[in-house]
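Colleague: Everything in the sequence shown is counted per numbering that gives the first Met the number 0, starting at 0 for the first residue and increasing by one.
Positions of the beta carbon are idealized from the N, C-alpha and C atoms, including for glycine.
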Amino acid sequence: MFTTLFIAFLLADILLRLWLASRQIRHVSRHRGQVPPEFSDRIGLHSHQRAARYTLAKMRMAMLESVVDAAVLIGFTLLGGLQFLDSHLALLIGNEMLRQLALIVSVLAILGLLGLPFSIWRKFKLEARFGFNRVTPGLFVADALKGMLVAAALGLPLAAAVLWIMANAGPNWGWWAWLIWMGFNLLILWIFPTVIAPLFNKFTPLDNPEISGRIQALAKRCGFSLGGLFVMDGSKRSAHGNAYFTGFGKARRIVFFDTLLSRLNADEIEAVLAHELGHFKHRHILRRMVISFALAFLFLQILSGLSGQVWFYTGLGVLPQLGRPNDALALILFFLTMPVFTFWATPLANWFSRRDEFQADRYAARQSSSDFLVSALVKLYDDNAATLTPDPVHSAYYDSHPPAVLRIRQLHKA
Ligand SMILES: [Zn+2]
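(1) Compute the minimum distance between the beta carbon of A359 and the heavy atoms of ligand 1, and state whether it is under 8 Å.
(2) Would you say the beta carbon of E269 is closer than 8 Å to some non-hydrogen atom of ligand 1?
(3) Report yes or no: is there a C-beta of chain B within less than 9 Å of the C-beta of V317?
(4) Could you give the residue range of the beta strand (DSSP E) that holds L228?
(5) Quick check: does the Cβ of H281 come within less than 8 Å of any heavy atom belonging to ligand 1?
(6) At a cut-off of 8 Å, would you count D355 as near ligand 1, judging by its Cβ distance to the nearest heavy atom?
(7) Taking the alpha carbon of R29 as the point to measure from, which residue in L387, L410, A69 and R406 has its own alpha carbon closest?
(8) Are the beta-carbon atoms of V134 and F123 separated by less than 9 Å?
(9) Under 8 Å by Cβ, that's how I've got M96 and L162 pegged, so tell me the actual separation to the nearest angstrom.
(10) Would you tell me roughly how many angstroms separate the C-alpha atoms of P346 and A69, rounded to the nearest one?
(11) Taking the CB atoms as reference points, tell me whether L303 and G173 lie closer together than 9 Å.
(12) Which of the three DSSP states, helix, strand or coil, is assigned to A159?
(13) Quick one: does the C-beta of E275 sit closer than 8 Å to a heavy atom of ligand 1?
(14) Looking at C-alpha atoms only, which residue of P35, S261, L186 and I164 is the closest neighbour of N207?
(15) If distances are taken between C-alpha atoms only, which option among L405, L410, V104 and H400 comes closest to S352?
(16) Tell me the start and end of each unbroken alpha helix (DSSP H) in the region 257-306 that is at least 4 residues and wholly inside, in chain order.
(17) Identify whether P204 lies in helix, strand or coil by the three-state DSSP scheme.
(18) Kindly indicate which residue of L376, M58 and A329 has the alpha-carbon position closest to the one of L100.
(19) Taking only the alpha-carbon atoms, compute the straight-line gap between F129 and G212 and give it to the nearest angstrom.
(20) In the DSSP assignment, find the unbroken beta strand (DSSP E) run with T135 in it and report its ends.
(21) Quick check: the region 334-342 against the region 4-16, are at least 3 beta-carbon pairs closer than 8 Å?
(22) Just to confirm the assignment, what range does the alpha helix (DSSP H) spanning A375 have?
(23) Tell me which residues share the same chain as A327 and place their Cβ nearer than 7 Å to its Cβ, disregarding the 5 neighbours each side in the sequence.
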């Protein structure tokens, strides 16, 4: 019964993904011949067609990836992959905690290895073809190794703590696991800007009096206390530009990718920052965090209910063992299959996100200027080869940001 439900959801998901991707491909192809009138004075036909080619290449890859992901999921569950790993590790490792950690690590390692051809293809073929990739094979390997070390240093203690709680805290372990999860997330937020991010990139204080003067004035106008302005060597990996806020309290800092600074002028940078400040002022970031913690609570309660049910395991192709804890199995099954059951909620989350983006744009128009923001956005769309003509249904489902045409139309009204 549960198996049927799982297969039904998985099939519905994959068909929906493929249908949405094919809509996007058709829509973008159909509109590749003409730049939308809103952009025709600023974006040339050549750039527009490059964006179309880039979007199509990404969509084709996404279609292939979603089919492979579904196959891998079936392999782990109904075809017995997880069962195979679990029973073999039980023969090899006597200690319960180590055995369960080994199970989690081997599943993650296999997922990572299966995903590797895709990430190599994406960087060195797809992104490289459009001139975005700056990662050398050496840097790619170094990043992968560092990423694994960081994931192990942070993830293993977290997994061990959760497994210990599951085994020892009784039926209310969900509450304790939730507290651990929140503590872990706050820790990451806290150490990310100063400990984790510098492992991968160099951060230098912004050394541009014009821009920093503009940003200081903007922050003052918006009543925002500024921790520091930094430039990150994003060009080391990609030509895509960005800017973000990170950290909290006094450690709060604004980070610019060098690629962004090299493309936008002071007016445009001020407007982009004003948009980001809008997210702060309207408490979007805080609200997202609260919602994510509430969802984590809900999911942990569901998991703590499911982990005691034999049908949850057998329905997904695994036999729980009576003589030893099955907590790692429950965690893995839950995290592998949860996206299948929650994919339908994607457009809902994105609808809220797009509403926030409009709100942040309006804030930027008030505190800076809508013209500056429009010209920054046009440059960014152009540089990133983002399509200006997405399929409306695909966009409503997946996009966290409103389509370019709508966004700029709203800004012109502001
Ligand atoms: Zn935004």
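Modeller: On the basis of the supplied data:
(1) The nearest non-hydrogen atom of ligand 1 is less than 8 Å from the C-beta of A359.
(2) Outside the cutoff, so no.
(3) The chain inventory of the structure shown lacks chain B, comprising one protein chain alone.
(4) Run containing L228: L228 to M231, per the beta strand (DSSP E) assignment.
(5) For H281, the shortest separation between its Cβ and any heavy atom of ligand 1 does not lie below 8 Å.
(6) Yes, ligand 1 has a heavy atom inside 8 Å of this Cβ.
(7) Minimum Cα distance to R29 is reached at L387.
(8) Taking 9 Å as the Cβ cut-off, V134 and F123 qualify as a contacting pair.
(9) Right, their Cβ atoms sit about 6 Å apart.
(10) Cα to Cα, P346 sits roughly 20 Å from A69.
(11) The amino acid occupying residue 303 in the given sequence is Ser; Leu does not appear at that position. Yes. Within cutoff.
(12) In the structure shown, A159 adopts helical secondary structure according to DSSP, grouped into three states.
(13) True, at least one ligand heavy atom lies under 8 Å from that Cβ.
(14) It is S261 whose Cα lies nearest to the Cα of N207.
(15) Here the closest residue by C-alpha is H400.
(16) Qualifying alpha helix (DSSP H) stretches, in chain order: 257-262, 265-280 and 283-305.
(17) Residue state, collapsed to three classes: strand.
(18) Looking at the Cα atoms, A329 is the closest of the given residues.
(19) Rounded to whole angstroms, F129 to G212 spans 35 Å at the Cα level.
(20) For T135, no beta strand (DSSP E) encloses it, and the DSSP letter there is neither H nor E.
(21) The region 4-16, when compared against the region 334-342, does touch it at the 8 Å Cβ threshold.
(22) Note, A375: alpha helix (DSSP H), S369 to D382.
(23) Closer than 7 Å at the Cβ level, and outside the excluded window around A327, lie Q99, L102, I103 and L162.
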